[in-house]
């Protein structure tokens, strides 16, 4: 526990993010406003475990809505845009959304936030019944119709919300490409121009709805030969299968007078059997032992075989229609609503973000919401705060792990308390020490800024304990 307090998450403020929220204390209530609509009865609460704090949907079978405004609107330039946040569920997920919405271009009434509130980007997991996917939905401005249109990413990755935190990351690049990562691993690569339905840019040509098929248009490629007659010897009454004429008699040894199943001669009616309650008693049936070595017992039915005279129902032959003109298609016209947006990554400005969700389960938790326009910032933050994912991935040795593992200091304590240990390579040990002390320093600064007294007491205990233990070991 002592070492955990010194290995907590570092403060993301140093990374220069556009926005970040960690719900570290109750001041979140000053920034976030739940919707006050009657049908949004779900309660939002703050929960903490030994690693971090979360914003939690706590009411089962309820709509939950909550939002916050940015200090100033986020506008898009030629830089990339990254959305990242953590999701976990305390209980197994039956039906719950866990996606985040970024609202814009204008501010809105937070008290009446609902699914009708205009958003620009929707991203994140959704799990309900057969639905188990990560959404990426855009509201793209149509300059011809003067309205926003919803565009949904196709080929969605699987979400799999679990009881351990998952880090969901959306990277929108300034070349119209995007990536979705889960726990540092790419799960979807795509293009804003090619991977949305309906597409960002409408087709240049469309069907002319006023064009009608001519009345004399013949689109039947084959027609019945009216002159064809059924052959006189065509017998439709012949069955498809008949009894095998070569096996009409039972094979030699077949016991016609013996039944396959007979009453068990050892079976007796129980004394307590009451026929008024249980009905007539019948003995247990067993296989007839006389039939064991015989080819069969009882009534004999010859096997069936294909009838060589079977021809089936007669149908007149078809021939190619000499009047056939092909399949009729309406003519194409230039789409009056056609436009081209070669830079869809230049979204409308964002004024805030929030959650508008339905949950059957409750207990869905969110933490560490980050917006940034420099992926290097995100990488540095992730390598510090999610070493179980990002330190491993850096060496191309990624393993699929959902669980959080705090930074391990066992090698440090081993060297401090056991100076005779010389199993490690000197250079490797030096590198590990540098990483560890850097993490300790950053964690200590964070806790000192939040609770100076407790941090100093814990630091003193660690120092004194280390000194006395080292003195004892060297003796």
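Numbering (the working numbering), first residue to last: 156 to 630. We put the beta carbon where it would ideally sit given N, CA and C, even for glycine.
Classification of residue i by the beta-carbon crowding that lies within 10 angstroms, buried from 16 upward
i, result
"residue 555", "Reliability of the predicted coordinates at residue 555 is poor, the pLDDT of 41 falling under 50, and no value is obtained from them."
"residue 612", "exposed"
"residue 620", "exposed"
"residue 616", "exposed"
"residue 338", "buried"
"residue 171", "exposed"
"residue 485", "exposed"
"residue 481", "exposed"
"residue 573", "Reliability of the predicted coordinates at residue 573 is poor, the pLDDT of 43 falling under 50, and the value obtained from them is presented with this limitation in mind. The residue is exposed, with fewer than 16 neighbouring Cβ atoms inside 10 Å."
"residue 187", "buried"
"residue 565", "Any reading at residue 565 must be qualified, since the residue scores a pLDDT of 40, below 50, and its modelled position is unreliable; no value is offered."
"residue 252", "buried"
"residue 469", "exposed"
"residue 241", "buried"
"residue 454", "exposed"
"residue 309", "exposed"
"residue 506", "buried"
"residue 467", "exposed"
"residue 349", "exposed"
"residue 542", "buried"
"residue 489", "exposed"
"residue 336", "buried"
"residue 398", "exposed"
"residue 396", "exposed"
"residue 180", "exposed"
"residue 385", "exposed"
"residue 433", "exposed"
Residue j beta carbon less than 8 Å from that of residue i
i, j, result
"residue 244", "residue 313", "no"
"residue 346", "residue 356", "no"
"residue 209", "residue 202", "yes"
"residue 182", "residue 198", "no"
"residue 410", "residue 457", "no"
"residue 368", "residue 483", "yes"
"residue 622", "residue 175", "no"
"residue 508", "residue 256", "yes"
"residue 295", "residue 306", "yes"
"residue 446", "residue 415", "yes"
"residue 504", "residue 230", "yes"
"residue 521", "residue 322", "no"
"residue 289", "residue 311", "yes"
"residue 225", "residue 254", "no"
"residue 427", "residue 436", "no"
"residue 438", "residue 419", "yes"
Pick from the options that is closest to residue i, judged by C-alpha positions
i, options, result
"residue 516", "377, 324, 282 and 496", "282"
"residue 325", "454, 302, 358 and 280", "280"
"residue 496", "277, 179, 217 and 354", "354"
"residue 413", "439, 421, 448 and 402", "448"
"residue 228", "206, 173, 395 and 375", "173"
"residue 215", "205, 248 and 193", "248"
"residue 440", "421, 380, 408 and 474", "421"
"residue 465", "405, 374 and 389", "389"
"residue 193", "392, 219 and 376", "219"
"residue 450", "405, 429 and 377", "405"
"residue 476", "531, 376, 488 and 539", "376"
"residue 363", "487, 298 and 286", "487"
"residue 204", "397, 393 and 320", "320"
"residue 383", "435, 408, 461 and 473", "473"
"residue 340", "407, 534, 254 and 385", "534"
"residue 185", "365, 427, 223 and 460", "223"
"residue 444", "391, 459, 417 and 401", "417"
"residue 177", "502, 239 and 270", "239"
"residue 408", "261, 342, 536 and 452", "452"
"residue 499", "284, 531, 304 and 250", "304"
Nearest-angstrom Cβ-Cβ length linking residue i and residue j, presumed shorter than 8 Å
i, j, result
"residue 511", "residue 268", "6 Å"
"residue 610", "residue 217", "Contact flag wrong, Cβ pair sits at about 39 Å."
"residue 190", "residue 221", "7 Å"
"residue 344", "residue 334", "6 Å"
"residue 479", "residue 373", "6 Å"
"residue 300", "residue 492", "6 Å"
"residue 275", "residue 259", "5 Å"
"residue 298", "residue 494", "6 Å"
"residue 518", "residue 200", "Actually they do not touch by this definition, with Cβ atoms about 10 Å apart."
"residue 394", "residue 462", "6 Å"
Residue i CB to nearest heavy atom of the ligand GTP below 7 Å
i, result
"residue 192", "Summarising the ligand content, the structure contains no ligands, and the ligand GTP is consequently not present."
- beta strand (DSSP E) runs wholly inside the region 298-348, at least 3 long, in chain order: 302-308, 321-327, 332-337 and 340-346
- Item | Segments of 4+ residues assigned as alpha helix (DSSP H) that fall wholly inside the region 164-220 | 183-186
- Message: Runs of 3 residues minimum, wholly inside the region 374-455: which ones carry the beta strand (DSSP E) assignment?
- Response: 377-379, 396-398, 416-418 and 440-442
- Query: Can you give, in chain order, each stretch of the beta strand (DSSP E) that sits fully within the region 460-526 and has at least 3 residues?
  - Reply: 473-475, 487-489 and 505-514
- Query: At what residue ranges does the region 212-278 contain a whole run of the beta strand (DSSP E), taking only runs of 3 or more?
  - Reply: 217-229, 236-244, 250-252 and 255-258
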